[in-house]
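Here the structure is laid out as structure tokens; the discussion comes afterwards.
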Amino acid sequence: MGAVTAQLPEIDRAEREHLAARIRTLVASGIDGDAAPFDRLALGIFAYQYRNNAPYHDFCRALGKHPGSVDQWRDIPAFPTDSFKTELVTSFPFDQAVMAQLTSGTTAIARGQIFRDAIGRELVLEANRIMTGACLFPDFAQGQRCRVLILAPSPEMAPSMGMAIGMDETRRHFGTPDSRFLLSHSGIDIAALVEALAESEASGVPVAMIGSTSAFVYFLQACRKRGVSFHLPAGSRIGDGGGYRGRFGEITQEDYLSLAREVLGIAPTHCVNVLGMAESATNYFDDTLRSAIAGGNTRRMRRNPPWTRTVAVSVDDLSILPPGKIGLLRHYDAVNLPTVLAVQTDNLGYVDDVGDFQIVGRAQRDQTGKISPLPSERTVGPMGDKRIFRMLEAYVNFSIRFKSGRLRPRTPMVPPACPCGELADAMIEETPANALAGAMTGR
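To convert, note that position 77 of the sequence shown is 1493 in the numbering used here; the numbers rise steadily by one, no gaps.
Now the structure itself:
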């Protein structure tokens, strides 16, 4: 593997800062900003990364591509996500790295990580704060907040998990002081979750629930089984991350949305799924809630903001497909300044005629190694495919099932006079920390 240059020339440091300033301007324009600047910006980022990212430089040369031969963003070579698992893919001096996230793969080596410098960290956090506000809280006025309940690990528990970092940012920017992570070393705190939902129902104050898709599936199924349901106030919402790469594990997405309405009283428009990958900086949200608030078509597509583009490419020759055709999704993201602009994924999906996209699953290979246009039956959980993340997700789901075993049946709309503490008393007590505690912290 080629090594990244130990120290960039002065002109390249200045160029990096200049490109970052242009990216900030594009991100600051918001999800409805002018997308035209992306075209020239993408070519500038490509030229910079070609010179300063050794693995990407070698990849482009092998394809016969260089800045002088590329005159539009669609022709910029897309680096495969698998290569992030074996290469140190940085476009800055590695000793300036301040942020590391594990890739979604199973390679258990230190290089299976995505590194960002201070500029990259600032860009990714700002871009996703804007995306979260636009897609999960589009009806919020500037500075408005609500209680955020998080069914996922905190950054302290999983410092290299992008989901944990992103959900903590959501809590910080959109949550009231009583917002909290509900996962500890003893599992999901079901008692606190039920109590918080009952409080929201009784007070009429909306609540936002965010977490892994699988956690919601298990919780909603447990509630239905135990005869537990709520009627959360209008404006309550769910933001679930993952969706099992287009699947919803044991149930279909339609069944999941039906369960959310039945158990929580939350309409499908207020159930927002988000696709996040360490290899691509920007999170992609379902546009349903935003469209519903604007009074438009409540289609379930993922909106590309002005600083990103997505295309689907053929599984046979990687040529760009027309709208509506299912292929491998390729993302172009200006916020990927510290790594590579263009990323080729193994996710199957399609784009529409305005460039928005949807994922249908993860690609699979047949016995000859040929990629199939049909998605794999093997689900990939929202926390990622690393062994440690699969263990963590399995433990989260186990704890939900286990601790929901003593839920008492209840009817929605608990009168305010009914103390919420009675609901907590009906729950199983927290179990002691277990052997997974060290694993979840990476120790």
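Cβ atoms here follow ideal geometry from the backbone N, Cα and C, with glycine treated the same way.
Use the C-beta contact count for I1593: other C-beta atoms within 10 angstroms, 16 or more gives buried, fewer gives exposed. Looking at the sequence itself, residue 1593 is Pro, so the reference to Ile does not match. It is exposed - the Cβ of P1593 has fewer than 16 other Cβ atoms within 10 Å.
Is P1828 helix, strand or coil by DSSP?
Coil.
Pairing CB atoms from the segment 1700-1715 with CB atoms from the segment 1455-1466, are three or more of them under 8 angstroms?
-> no
> Of the choices A1436, G1446, A1430, R1429, whose alpha-carbon is the least far from that of A1750?
Replying inline: A1436
Inter-stretch contact at 8 angstroms, needing at least 3 Cβ pairs: the segment 1622-1637 / the segment 1649-1659: yes
*Nearest-angstrom beta carbon gap, P1722 and L1442 [assumed within contact, 8 angstroms]*: 5 angstroms
- Query: Short check: CB of R1561 to CB of G1591, under 7 angstroms?
  - Reply: yes
ask   = Can you tell me whether DSSP reads P1798 as helix, strand or coil?
value = The predicted model places P1798 with a pLDDT of 48, which falls under 50 and marks its position as unreliable, so this point remains unresolved.
Three-state secondary structure (DSSP) at F1632?
helix
Note to self: Strictly by DSSP, which residues pair up with Y1766?
What the structure shows: Q1774
- For the putative contact between Y1700 and V1690, defined by C-beta atoms under 8 angstroms, what is the C-beta separation to the nearest angstrom? About 7 angstroms; that satisfies the 8 angstroms criterion.
Exercise for the section: Note the first and the last residue of the continuous alpha helix (DSSP H) segment covering C1562. Expected result: Neither: C1562 is in no alpha helix (DSSP H) and is coded neither H nor E.
Taking the Cβ atom as the reference point for each residue, do P1493 and L1479 lie within a distance shorter than 7 angstroms?
L1479 sits close to P1493, with the two beta carbons spaced by under 7 angstroms.
So which of G1692, A1694, A1697, T1685 has the shortest CA-CA distance to L1705? T1685
- [ ] Report yes if the C-beta of D1702 is less than 6 angstroms from at least one heavy atom of the ligand NAD; otherwise report no.
- [x] No copy of the ligand NAD occurs in the structure displayed, which carries no ligand at all.
**Message:** Rounding to the nearest angstrom, what Cα-Cα distance links V1759 and V1731 in this structure?
**Reply:** Using only the alpha carbons, I get a separation of about 15 angstroms.
- Kindly indicate which three-state DSSP category P1496 falls into: helix, strand or coil? If DSSP states are grouped into helix, strand and coil, P1496 belongs with the strands.
*Look up F1475 in the DSSP assignment and give the residues it is bridged to.*
Answer is none; F1475 lacks a bridge partner.
**Q.** For F1508 and L1459, the rounded distance between their alpha carbons
**A.** 18 angstroms
May I ask you to report which of helix, strand or coil DSSP gives N1752? In the structure shown, N1752 falls within a helical segment according to DSSP collapsed to helix, strand and coil.
- Are the CB atoms of A1694 and G1578 nearer to each other than 7 angstroms? Closer than 7 angstroms, so yes.
- Task: Would you mind reading off the limits of the alpha helix (DSSP H) that contains R1545?
- Result: 1534-1551
Inset, instruction - Classify E1572 as helix, strand or coil using the three-state DSSP reduction. - result: coil
Got a sec, what are the start and stop residues for the beta strand (DSSP E) I1654 sits in?
-> Where I1654 is concerned, the enclosing beta strand (DSSP E) stretches over 1653-1657.
Margin query: Let me check one thing: in DSSP terms, what residues is I1626 bridge-paired to?
Written below: I1566, G1655
**Prompt:** Where does R1781 sit, in a helix, a strand or coil, going by DSSP?
**Reply:** R1781 falls in the strand class under three-state DSSP.
When DSSP builds the beta bridges, which residues end up paired with F1508?
-> F1508 is not bridged to any residue.
Kindly indicate which residue of A1697, F1646, G1446, N1763 has the alpha-carbon position closest to the one of A1676. F1646
Discussion item. Are the CB atoms of P1569 and A1580 within a distance shorter than 7 angstroms?
Written reply: yes
Short of 6 angstroms in beta carbon distance, which residues of its chain neighbour G1651, apart from the five on each side in sequence? Order them along the chain. P1622
TODO: Could you tell me the boundaries of the beta strand (DSSP E) in which R1588 lies?
DONE: Element bounds for R1588: not the beta strand (DSSP E) but the alpha helix (DSSP H), 1578-1590.
* Asked: Terminal residues of the continuous alpha helix (DSSP H) containing V1679?
  -> 1669-1680
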